[in-house]
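Chains as they are written, first to last, in numbering that gives the first Met the number 0: chain A, 0 to 451; chain B, 0 to 129. Report on the structure given below.
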Amino acid sequence: MPFIPHTDEEIKSMLDTIGVANIDVLFDEIPKELWSSKLDQLPDQMTEMEVVKKVKALAKKDGTPICFAGAGAYEHHIPAAVWQVATRGEFYTSYTPYQAEVAQGNLQVIYEYQSMIAHLTGMDVSNASMYDGASALAEAILMAIRANRKSKSKLILVPRTVNPVYAQVAHNIVKNQDIHLEYIDYDPATGLIDSKALDAYQDRDITAVVVPQPNYFGLYEDVHSLTDWTHAHNALAIAVVNPMSLALLSTPGKWGGNGADICCGEGQSMGIPMSSGGPFYGFLTCKESFVRQMPGRIVGMTTDLEGNPGFVLTFQAREQHIRRAKATSNICTNQGLMVTASTIYMALLGSSGLRNVAAHCINNADKLKKKLATIDGLKVLFDGAGFHEFVVQVQRSAAAVIADMAGRGYVAGVDISEQYPELGECILLCVTETKSDDELDAFVENLSACLD
Amino acid sequence: MSYVPDNLVYTASHEWLEKLAEGHYRVGITEFAQEQLGDIVFVELPEVDEAYAQEDECGVVESVKTASDLFAPLAGTVVAVNSALEETPELINDSPYDDGWIFEFELDDESELENLLSPEDYRTSIEDED
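Okay, here's the thing in structure tokens:
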């Protein structure tokens, strides 16, 4: 078979067969104004040598800034062994293989991944992963609608302390499905979900409540009361968590009297580089009673006719190749390669290693908070305990502070003023285990010089 | 040829109805349906006290091959479900017309039964599908 499958001749023969003049006709139903223009800024061709030079020069422009930004993508040390193993030819594939059971090694990796992430989140079952944390939340919401059959409202409460990007993605995915997301405000004094805002819903039919931990401001929500409140109102609790923090925090499976029902989040922090925003992977876990509503692939362990252990895809009857439009999801896949790296990362660190990383993150964030409290022109907002992120309010424009810091070789956090205008000029800072005391001091010194 | 009892009424989507009392019917899926589905591994039962219009999806029967919707045969309200199916869904394979019944239904209008299939009609319809 030729490497390039569609020769001009083959294309013509296919078009002739169906009686169509050219390929463009096949896209007739798309309005012309939505067609992309030709890529006329690109040269017709470049040699590999020229491309490498060009791309290297572009990459050099990025420099090697020191990162104090998080907001959903986190810099952690990735042991060299992780990608050395993950990029072995035997593992190197982006999805679940199409003839899945032939690739027992791939299925075993996914099975190990499912076991680890289920354990880390304290839930019974996990799927083989999703695109990213934001789409995992959207799928968790769709799953909750299917699972909570007693609720007729399709009303989902989403606190404003959930990552706004996640809330936006979830909104985009569910908005045309008669599902209502309503946003719950936070208490401006604490930065935590306002229980009074929740109580306004106490007589309503609620399908599910999203509970973030830590929240977008890096703070710990009172997840036990929130989960109990949710269950008392016959709604399902959807946990959105940072998996690294779960090495130390109580797992969603143990929240409140009955535990969260569905848990999701972004897995990038465990073994995946930030890479300008992707590819990442989302995880989705749940109580066993909801497994049939869970979208995506699930790998199970079984025995063959001779009693040998083996791995198979299971619960496929709900998937799109069988259920078509009625499948649990038609817009998901797993992130095979990312999950492979993450599984190796988790295996390499073990639970004590993950606990160490999480503890160092908290320790470094506390140190940085204390150091920043000593300089003028900046205020650390909210007093509560948190993980590795916190919000600082500045007197200049937050965007200008971040731009000035970029000139000094820093990614100095994420400007959240637009998403939370009521907080004024605000920056969300993050510090992980990767920063030394000297780096923290240098950051504070540089930031101090950019504040007025 | 699958067994089609003479004392029942049928739908084109392979449910059967058995009269228990005036307006009160028991519903399940036919022997032909369970044969087509293969080994049944899970049943999502309708909600008791829930009202359905005719042909509303009211549950799911999942086999090793596929998950198939269960439809309300006529307009009515579910008054009981066979909770034994939660633990032993294979009852539908073993005994589709007895122990494998799925739910009990109060019909809104019993006269609508005329619109469903007689045993003869149902036999003809599955002969066509076979």
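For glycine and all other residues, C-beta sits at the position ideal for the given N, C-alpha and C.
Asked, Found
"Euclidean distance between Cα positions of A:Pro272 and A:Tyr219", "25 Å"
"Length of the line joining the Cα atoms of A:Thr92 and A:Glu100", "15 Å"
"Per DSSP, cross-strand counterpart(s) of B:Glu103", "B:Arg25, B:Ala79"
"Within chain B, partners of A:Arg291 - CB distance below 9 Å", "Phe41, Glu43, Val59, Glu61, Ala66"
"Within chain A, the residues that B:Glu46 reaches when beta carbons sit closer than 9 Å", "Arg148, Lys149"
"Neighbouring residues, chain B, relative to A:Asp321 (Cβ below 8 Å)", "Residue identity check: residue 321 of chain A is Ile in the sequence provided, not Asp. Correct list: Lys64, Thr65, Ala66."
"Terminal residues of the alpha helix (DSSP H) in which A:His118 lies", "103 to 120"
"Residue burial classification, B:Glu119 (beta-carbon count within 10 angstroms, cutoff 16)", "exposed"
"DSSP state of A:Cys449 mapped onto helix, strand, coil", "coil"
"Residues bridged to A:Ile205 [DSSP beta-bridge criterion]", "Bridge partners of A:Ile205: none, in fact."
"Straight-line Cα distance separating A:Lys434 from A:Asp440", "10 Å"
"Minimum Cβ-Cβ distance from A:Ala234 to chain B less than 7 Å", "no"
"Proximity of B:Gly75 and B:Leu115 at Cβ, strictly below 7 Å", "no"
"As assigned by DSSP and simplified to three states, the class of A:Trp254", "coil"
"Members of the stretch 310 to 338 of chain A near chain B, C-beta cut-off 8 Å", "Ala316, Arg317, Ile321, Arg322, Lys325"
"Spatial neighbours of A:Asp123 in its chain, beta-carbon cut-off 6 Å, leaving aside the 5 residues before and after", "Lys286, Glu287"
"Cross-strand partners of A:Phe386 (DSSP beta bridge)", "For A:Phe386, which the question treats as bridged, DSSP gives no partner whatsoever."
"Environment of A:Glu47 [buried if 16+ CB atoms lie within 10 Å]", "exposed"
"A:Pro530 versus B:Phe104: straight-line alpha-carbon distance, rounded", "No answer is possible for residue 530 of chain A: it lies beyond the span of chain A, which begins at 0 and ends at 451."
"Proximity of A:Ala234 and A:Val209 at Cβ, strictly below 7 Å", "no"
"Outcome for A:His44 when other beta-carbon atoms lying within 10 angstroms are tallied against a minimum of 16", "Note that residue 44 of chain A corresponds to Gln in the displayed sequence, not to His. Exposed, by the Cβ-count rule."
"Close Cβ partners of A:Ala80 (< 8 Å) along its chain, the five nearest in sequence each way excluded", "Ile343, Leu347"
"Nearest-angstrom beta carbon gap, B:Val26 and B:Leu84 [assumed within contact, 8 Å]", "In fact, because the Cβ distance is near 12 Å, the residues do not count as touching under 8 Å."
"Segments assigned alpha helix (DSSP H), at least 4 residues, entirely inside the stretch 294 to 354 of chain A", "319 to 322"
"For A:Gly132 and B:Glu86, the rounded distance between their alpha carbons", "34 Å"
"Any C-beta of chain A under 7 Å from that of B:Val80", "no"
"Endpoints, beta strand (DSSP E) assigned at A:Thr229", "First-last for A:Thr229: 222 to 231, but that is the alpha helix (DSSP H), not the beta strand (DSSP E)."
"Spatial neighbours of A:Ile17 in its chain, beta-carbon cut-off 6 Å, leaving aside the 5 residues before and after", "none"
"Beta-carbon gap between A:Thr313 and A:Gly335 smaller than 7 Å", "no"
"DSSP state of A:Phe26 mapped onto helix, strand, coil", "helix"
"CB contact check: B:Val8 to chain A, cutoff 7 Å", "no"
"Beta-carbon spacing of A:Tyr185, A:Asp198 below 7 Å", "no"
"Span of the beta strand (DSSP E) around B:Glu17", "14 to 20"
"For A:Gln176, the residue or residues it bridges with in DSSP", "Note: A:Gln176 sits in no beta bridge, so no partner."
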